[in-house]
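If you count by the numbering used here, then the sequence shown holds residues 67 to 399, one letter each, in order. Worksheet: one structure, shown below.
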Amino acid sequence: MARELSICTTTEVSFRLSFSSRISCWKTTHAARIVSRYDLILIVGVVDASGVSVQRFMTELNRVNTTHHYALQLSTRLGRNRYKEQFLFVYRDDVVDLIDCYQYEDNQENDMDVFAREPYILYFKPRNTVLKDLVLIPVHTTPCDSEKELDELYEVFLAAKHKWKTDHIMILGDFKADGVYVSKKDMKEIRIRCDKNFHWLIGDDVDTTATTTNDHTFDRIVVYGEDMLGTIVPNSAKPFNFHKEFAMTEEMALRVSDHYPVEVELRGAPPFWMATSLQRRANVDTPQASVNSAVTGTLQDDMLKLQKENLLLEREKLQLQISLLKQQLATLK
């Protein structure tokens with residue numbers, strides 16, 4: 067069966083130096099449990115300038131994961147004043163390949179400096195999905211300028227689209243697109259909201275906060291275009307309530323993060339034999355099939371190429387195993 071690509075974003079408060087090594091270790095362990103659910107993760111709000119917390123977290127993450135290895139990509143420290151944060155991307159490097167990165171610079175001529183933390187944008191190539199590439203634009207707005215920053219994301223989107231010549235773009239993170247930060251009226255004026263080509267996968271009535279004293283949809287995932295929307299596994303975009311999943315008290319949950327991760331899955335590429343069958347069906351001479359073939363032709367070619375490469379690798383692996391077994395048998399004789 068096809069394997070989906072799982073993606074999530076969370077506002078992480080555990081990457082702060084703690085005076086208690088016991089509490090710090092507890093946070094790291096539970097953060098690793100959460101991240102281990104996903105192939106590709108964005109963590110915003112990383113404030114540990116020393117890098118010790120991130121290093122400790124990655125060590126724990128790869129210790130508990132024996133099937134997949136996680137790599138990281140960390141932005142520079144971003145912010146206008148002494149308080150600075152970093153965007154942290156963590157990904158399974160046997161599932162996706164990091165191709166390029168781009169630090170957006172909010173310095174357009176005749177334009178104000180909108181972002182307190184300019185997006186650090188990553189360009190990936192997934193190995194086994196129907197998408198041939200994927201751009202992730204991270205967001206962590208400041209409370210006083212959330213509306214302006216969200217609107218300016220349209221310019222960031224255009225810059226990423228122009229740089230990598232792709233429409234496969236996902237915007238995700240802590241939007242603060244709710245409550246006192248952004249009103250319903252203001253939401254209607256935000257360009258990535260009023261443009262119908264952008265699809266907001268987390269609904270306005272979904273609580274993404276870990277505290278029980280409020281109910282706000284701060285964290286969002288937005289994708290661009292019908293093609294990108296078509297790769298989303300239905301009903302997969304939702305918060306992950308680790309508070310309930312891990313049977314934590316509210317106090318325990320808030321030690322890990324004050325936001326729930328929001329997650330989504332992208333459709334996996336079908337097996338080689340199934341892809342071949344789909345290709346044959348697409349070639350049937352009907353009007354609808356012609357449309358499907360025109361739309362999916364490039365994706366099918368890329369998908370077949372990836373599947374062939376995987377089969378060749380598996381064959382080489384089997385040949386090596388057979389060779390080793392022969393050597394062992396010869397030794398026994």
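All C-beta atoms in this analysis are idealised placements derived from N, C-alpha and C, irrespective of residue type, glycine included.
query: Curious, which full-length alpha helix (DSSP H) runs of at least 4 residues does the region 258-302 contain?
result: 291-296
Option in Glu70, Thr275 and Leu188 with minimal Cα separation from Ile166: For the purposes of this step, residue 166 is identified with residue 100 of the sequence shown, where counting begins at 1. In the sequence under discussion, the amino acid at residue 166 is Asp, which differs from the Ile named in the question. If we check each option's Cα against that of Asp166, Leu188 comes out closest.
- request: Keeping to the same chain, check which residues put their C-beta closer than 7 Å to that of Asp159; ignore five residues upstream and five downstream.
  value: The residue labelled residue 159 in the question sits at position 93 within the sequence shown. His135 and Ala137, listed in sequence order.
- request: Compute the Euclidean distance between the alpha carbons of Ser116 and Phe123, then round it to the nearest angstrom.
  value: One-based indexing of the sequence shown puts residue 116 at position 50. One-based indexing of the sequence shown puts residue 123 at position 57. Their backbone Cα atoms lie some 13 Å apart in a straight line.
task: Using a threshold of 8 Å, state whether the C-beta atoms of Leu200 and Phe241 are closer than that.
output: Within the sequence shown, numbered from 1, the residue matching residue 200 stands at position 134. Within the sequence shown, numbered from 1, the residue matching residue 241 stands at position 175. Not in contact: Leu200 and Phe241 (Cβ atoms no closer than 8 Å).
message: Suppose the cutoff is 7 Å on Cβ atoms and the five residues either side in sequence are ignored; what does the same chain contact list for Leu320 look like?
response: Numbered from its first residue, the sequence shown carries residue 320 at position 254. Within the same chain, Leu320 has close Cβ partners Ala276 and Thr277.
task: Give the DSSP-derived three-state secondary structure of Phe181 in the structure shown.
output: Translated into positions along the sequence shown, residue 181 becomes position 115. Phe181: coil per DSSP, three-state reduction.
Option nearest Leu71 by Cα separation, candidates Val180, Leu295 and Tyr104: Mapped onto the sequence shown, residue 71 falls at position 5. Comparing Cα-Cα distances from Leu71 to each of Val180, Leu295 and Tyr104, the minimum goes to Tyr104.
task: Could you say which of Ser249, Asp163 and Phe155 lies nearest to Cys210 if we only look at CA atoms?
output: Looking up residue 210 in the sequence shown gives position 144. Closest by alpha carbon: Ser249.
field: DSSP state of Ala319 mapped onto helix, strand, coil
entry: Reading the sequence shown from its first residue, position 253 is the one you call residue 319. When secondary structure is reduced to three states using DSSP, Ala319 falls in the helix class.
query: What does DSSP give as the partner residues of Arg158 in its beta bridges?
result: Taking the first residue of the sequence shown as 1, we reach residue 158 at position 92. According to DSSP, which records beta bridges pairwise, Arg158 is partnered with Tyr136.
query: Are the region 254-271 and the region 95-112 in contact at 8 Å, needing three or more beta carbon pairs?
result: no
query: In this structure, does DSSP put Ser116 in helix, strand or coil?
result: Mapped onto the sequence shown, residue 116 falls at position 50. Three-state result, Ser116: coil.
- prompt: Which two residues bound the contiguous beta strand (DSSP E) that contains Leu144?
  reply: Numbered from 1 along the sequence shown, position 78 holds the residue referred to as residue 144. Leu144 -> no beta strand (DSSP E), and no H or E assigned at all.
Simplified DSSP state of Tyr186, which is helix, strand or coil: Residue numbering aside, residue 186 sits at position 120 when the sequence shown is read from its first letter. In the structure shown, Tyr186 sits in a strand (DSSP, three-state: E or B).
Integer Cβ distance of Tyr168 from Phe223, believed to fall under 8 Å: As a working mapping, residue 168 is identified with position 102 in the sequence shown. As a working mapping, residue 223 is identified with position 157 in the sequence shown. At roughly 12 Å, the Cβ-Cβ gap does not stay under 8 Å, so Tyr168 and Phe223 are not in contact.
- request: Work out the CA separation of Thr77 and Arg183 for me, nearest whole Å.
  value: Taking the first residue of the sequence shown as position 1, residue 183 is located at position 117. Taking the first residue of the sequence shown as position 1, residue 77 is located at position 11. Rounded to whole angstroms, Arg183 to Thr77 spans 14 Å at the Cα level.
message: By the three-class DSSP mapping on this structure, what secondary structure does Thr232 have?
response: Numbered from 1 along the sequence shown, position 166 holds the residue referred to as residue 232. Thr232 falls in the coil class under three-state DSSP.
Residue burial classification, Asn194 (beta-carbon count within 10 angstroms, cutoff 16): Reading the sequence shown from its first residue, position 128 is the one you call residue 194. So Asn194 counts as buried.
task: Classify His72 as helix, strand or coil using the three-state DSSP reduction.
output: On the sequence shown, position 6 is the one that residue 72 refers to. What sits at residue 72 in the sequence shown is Ser, not His. Reduced to three states, the DSSP call for Ser72 is strand.
- request: Spell out the partners DSSP gives Tyr168 in its beta bridges.
  value: Residue numbering aside, residue 168 sits at position 102 when the sequence shown is read from its first letter. Looking at the DSSP assignment, Tyr168 forms a beta bridge with Ile187.
query: Candidates Gly296, Asp285, Glu317 and Met294: which alpha carbon is nearest Glu329's?
result: Position 263 of the sequence shown, counted from the first residue, corresponds to residue 329. Residue Asp285 is the option with its Cα nearest to Glu329.
Endpoints, alpha helix (DSSP H) assigned at His309: Numbered from its first residue, the sequence shown carries residue 309 at position 243. Phe308 to Glu311 is the span of the alpha helix (DSSP H), which, as asked, contains His309.
query: Looking only at its own chain, which residues have a Cβ that is under 7 Å from the Cβ of Leu154, when we skip the five neighbours before and after it?
result: As a first step, residue 154 must be located in the sequence shown, where it is residue number 88. For Leu154, where only same-chain residues beyond five positions count, the Cβ hits under 7 Å are Ile109, Val112, Val120, Leu138 and Leu140.
field: Closest by C-alpha distance to Leu36, when choosing among Asp281, Leu202 and Arg129
entry: Outside the displayed range of the chain (67 to 399) lies residue 36, so it cannot be described from this structure.
- prompt: Excluding the five sequence neighbours on either side, which residues of its own chain have a C-beta within less than 8 Å of the C-beta of Asn128, listed in chain order?
  reply: Start at 1 with the first residue of the sequence shown, and residue 128 comes out as number 62. Excluding residues within five positions, the ones whose Cβ falls inside 8 Å are His135 and Tyr136.
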